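This report refers to the structure that appears directly beneath it.
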Amino acid sequence: MKSTPIPALVLALATGGLHGAACASPDLPQVIDVHAPLTVVKPPIPDGGWFTSAELGAISTSGNTTGTSVTGKIDARHETPRWSHEFLLSGYFKEDEYDDENGERQHVRSAERWATSAKASLKLLRDGRRAFVLGSHVNDKFGAYTRYSTLAVGYGSRVLTRPDKSLDVEIGPGYFAGERETGEDEDGLTVRGAAQFRWQVSPSAFFAQTVSVEKGTSNTHSVAETSLSTKINGTMQMKAGFSIRNDTSVPDDKKNTDTQTSLTMVYSF
């Protein structure tokens, strides 16, 4: 089955050459877990401090098509003089309603995905360089892989630093274990690469683009996420996001690529 290419990394690198509005931006965070939607820009965090954001979006339809979809995420970051710790929990589900042949109302779950991750980054001597360990787990009831867990270590560096832009890259080996929709278990070694571009478009608008690729012996798992956030006040933002997930090896009855478009409210504290 032919896999759909992901051009997001090209977009991120090309956008990095643009000249954004000149403004004093807060400290841009390092590459985080990319198995869930991006967060808005985080302010500087003092040593020993926490930054947390909660995100929620919902769509309800009625009439000829009736259903509800909900997406949400909680993201927390903790800083110490030598370490950065990041924790993430996200979920997405969709439920459709229809009348069966007897005229009775039925509810059918058509999407259900939960993801969690934890990452610890050791700050090296030079600014923007770090060694990290990352663990993540995804349950996707209707995906090509219903269960997908990864553990990766590696090295990260900031390759672009400007007052309103940054580009971080990561690379390193890893291990994955998953269960396909057919019930078949699969595991093996991987090579993981990731890139994240951040751009303070204006004092009230923030663009982010993230790509990660995990190359294994039997499958290549790719995730690309794009978001544009607009500040409402000191703690509230509105975020429009688009994500693409691609697996090169899937069952015949599954598609290689899943996409998700979202509009969410984000509260930071």
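Note that my numbering has the sequence shown beginning at 7, numbered continuously upward. No residue lacks a Cβ here, since even glycine has one placed at the ideal position from N, Cα and C. Small disclaimer: the values here were computed from a predicted structure and weren't measured.
Backbone CA spacing between T152 and K100 [nearest angstrom] | Within the sequence shown, residue 152 is the residue found at index 146, counting from 1. Within the sequence shown, residue 100 is the residue found at index 94, counting from 1. Their Cα atoms are separated by approximately 16 Å.
Cα-Cα separation, L131 to G141 = As a position in the sequence shown, residue 131 is number 125, starting the count at 1. As a position in the sequence shown, residue 141 is number 135, starting the count at 1. Distance between the alpha carbons of L131 and G141: 24 Å.
Within its chain, find whatever has a CB closer than 8 Å to the CB of M244; leave out the 5 residues flanking it on each side and keep chain order.
-> As a working mapping, residue 244 is identified with position 238 in the sequence shown. Residues S235, T236, I238, L269, T270, M271, V272 of the same chain have their beta carbon placed closer than 8 Å to that of M244, with the five preceding and five following residues left out of the count.
State yes or no: is the C-beta of G194 within less than 8 Å of the C-beta of I177?
-> By 1-based counting over the sequence shown, the position of residue 194 is 188. By 1-based counting over the sequence shown, the position of residue 177 is 171. No, they are not a contact pair.
Per DSSP, what kind of secondary structure is G178 in: helix, strand or coil?
-> Counting from 1 along the sequence shown, the entry for residue 178 is found at position 172. Strand at G178.
C-beta contact flag for S167 and G134 at 8 Å | Position 161 of the sequence shown, counted from the first residue, corresponds to residue 167. Position 128 of the sequence shown, counted from the first residue, corresponds to residue 134. Checking the displayed sequence, the identity of residue 167 turns out to be Thr instead of Ser. Contact: yes.
Sequence-distant residues of its chain with Cβ nearer than 8 Å to D105 (five each side left out) = Here residue 105 refers to the residue found at position 99 of the sequence shown. The beta carbon of D105 is closer than 8 Å to those of R111, Q112 in its chain, skipping five residues each way along the sequence.
Taking the runs of the beta strand (DSSP E) that are 3 residues or longer, which of them lie wholly in the segment 121-165?
-> Runs of the beta strand (DSSP E) inside the segment 121-165: 135-146.
Identify the residues that DSSP records as bridge partners of S66: which are they?
-> Walking along the sequence shown from the start, residue 66 turns up at place 60. For S66, DSSP records a beta bridge to T74.
Local conformation of R168 per DSSP, three classes | Numbered from its first residue, the sequence shown carries residue 168 at position 162. It is coil, neither helix nor strand.
Which first and last residues belong to the beta strand (DSSP E) in which S224 is found?
-> Here residue 224 refers to the residue found at position 218 of the sequence shown. Boundaries cannot be given for S224, as no beta strand (DSSP E) includes it and DSSP labels it neither H nor E.
By how many angstroms is the C-alpha of G222 removed from the C-alpha of S255?
-> The residue given as residue 255 occupies position 249 in the sequence shown. The residue given as residue 222 occupies position 216 in the sequence shown. Looking at the two C-alpha atoms, the distance is approximately 11 Å.
Complete runs of the alpha helix (DSSP H) confined to the segment 227-265 [at least 4 residues] = The qualifying runs do not exist here; there are none.
Measure the beta-carbon distance from S75 to R83 and round it to whole angstroms, keeping in mind my assumption that it falls under 8 Å.
-> Here residue 75 is taken as the residue at index 69 of the sequence shown, counted from 1. Here residue 83 is taken as the residue at index 77 of the sequence shown, counted from 1. In fact, because the Cβ distance is near 27 Å, the residues do not count as touching under 8 Å.
In or out: G180 buried (at least 16 other Cβ within 10 Å) or exposed?
-> As a first step, residue 180 is located in the sequence shown; it is residue number 174 there, counting from the start. Buried: at least 16 other Cβ atoms inside 10 Å.
Can T122 and L157 be called in contact, C-beta distance under 8 Å?
-> Within the sequence shown, the letter at position 116 stands for residue 122. Within the sequence shown, the letter at position 151 stands for residue 157. Between T122 and L157, the CB-CB gap reaches or exceeds 8 Å.
For R186: DSSP bridge partner residues | Position 180 of the sequence shown, counting from 1, holds the residue named residue 186. Its beta-bridge partners are Y151.
Cβ neighbours of I65 in the same chain (closer than 6 Å, five flanking residues each side left out) = Residue mapping note: residue 65 aligns to position 59 of the sequence shown, counting from 1. S75.
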